[in-house]
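Note that the UniProt record's numbering has the sequence shown beginning at 1, numbered continuously upward.
One structure below.
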Amino acid sequence: MITLKSQREIEMMKKAGELLADTHHQIAKMIQPGITTWEIEEFVDQYLKEHGATPEQKGYQGYQFATCASINDEICHGFPRKEPLQEGDIVTIDMVVNLNGALADSAWSYPVGKVSPLTQKLLDVTKESLYKGIEQVKIGNRIGDIGHAIQTYVEAQGFSVVRNFIGHGIGPSIHEKPEVPHYGLPHKGPRIKEGMVFTIEPMVNIGGYETKMDNNGWTARTRDGSLSAQYEHTVAVTKDGIIITTDQDYKK
Ligand code: MF3
Ligand code: CO
């Protein structure tokens, strides 16, 4: 069942999203060769606490960290760790903020120092694909229109879209209906309605879309070892248009 959120709930989710966006801004300033994702994890844990929020991922289905930190060929759900990031790496930081019971979910990929032109293209295409998906979020469109727009764009750029992990409805729990694939056919899936809140979070690989799972049972990597990037926003559908609750004004 897809639960529709009231204006009041969306207002609260927007506040959670503002804090999440602010946290990403802080992280952006920290990322440089030599820093570890463990330092980012500790920063996020502390920063959310200071702002009266909690990291919703910690304890979620046994996940132990406030952030997911996925480096290079890791697609998602990488564990924060004490391994310094190196010049040329990319790292995706994903987190869910709970502020007064309202949730926001957003992931952002960051270049570490100077990256190769191909790596930069992966980052640019992945971010642009998120906004191509968001453009399809309109009352009356269908969820399938989102994935179709993302897949069409990404494949035209020569990259591939991960199938095994998808966007999702959100609030009060992390994963709700609808499922939001980042691939597929237009005019399919549930109709987009006022009050829906969901994530769009394309994971894009330079090589093939196939994944493999690490022994830790969480971290997914590209099967061919190619780089993977991800950008994720939480979007709310209101009668006056859509709200990107986690908007960081990074658009373009
Ligand atoms: N933020 C993730 C998402 O986009 C959810 C992470 S699940 C967790 O769906 F267990 F890792 F927290
Ligand atoms: Co997320």
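Note that beta-carbon positions come from the ideal geometry of N, C-alpha and C, so glycine has one too.
- Within the same chain, Cβ atoms closer than 7 angstroms to the Cβ of Gly113 are found at Gln32, Pro33, Glu87 and Gly88, the five residues on either side in sequence being excluded.
- Within the same chain, Lys132, Gly133 and Gln136 come within 6 angstroms of Ala149 by CB-CB distance, once the 5 residues on both sides are set aside.
- Under the 8 angstroms Cβ criterion, the region 210-226 does not count as touching the region 22-42, having fewer than three qualifying pairs.
- Here Arg191 is exposed. Its C-beta has fewer than 16 other C-beta atoms within 10 Å.
- Annotation for Val235 indicates a beta carbon at 8 angstroms or more from all heavy atoms of the ligand MF3.
- Residue nearest to Arg81 within the set Thr23, Trp38 and Gly158 is Trp38 (criterion: CA-CA distance).
- 9 angstroms or more divides the Cβ of Val115 from the Cβ of Ile75.
- When secondary structure is reduced to three states using DSSP, Trp218 falls in the coil class, being assigned neither helix nor strand.
- A residue is called buried when at least 16 other Cβ atoms come within 10 angstroms of its Cβ; Asn215 does not meet this threshold and is exposed.
- Look at Ser109 here: in three-state DSSP terms it is strand.
- The bridge partners DSSP lists for Phe198 are Gly169 and Val235.
- Put simply, of Lys138, Asp94 and Val204 the residue whose alpha carbon is nearest the alpha carbon of Ile27 is Asp94.
- Non-local beta-carbon contacts of Pro186 in its own chain, meaning distances under 7 angstroms to residues more than five positions away in sequence, involve Gly144, Asp145 and His148 in chain order.
- Between His77 and Ser70, the alpha-carbon positions lie close to 6 angstroms from each other.
- Less than 9 angstroms divides the Cβ of Ile174 from the Cβ of Val96.
- With a cutoff of 8 angstroms, Tyr63 counts as near the ligand MF3, since its C-beta is closer than that to a heavy atom of the ligand.
- Annotation for Gly208: Ser160, Thr222, Arg223, Asp224 and Ser226 place their beta carbon closer than 8 angstroms to its own, counting only its chain and skipping 5 residues before and after.
- For Asp247, no alpha helix (DSSP H) encloses it, and the DSSP letter there is neither H nor E.
- Taking all protein chains in view, the Cβ of Ser106 is crowded by 16 or more other Cβ atoms within 10 Å, so the residue is classified as buried.
- Within the region 38-94, no run of alpha helix (DSSP H) at least 4 residues long lies entirely inside it.
- In the three-state DSSP reduction, Gln32 falls in the coil class, being neither helix nor strand.
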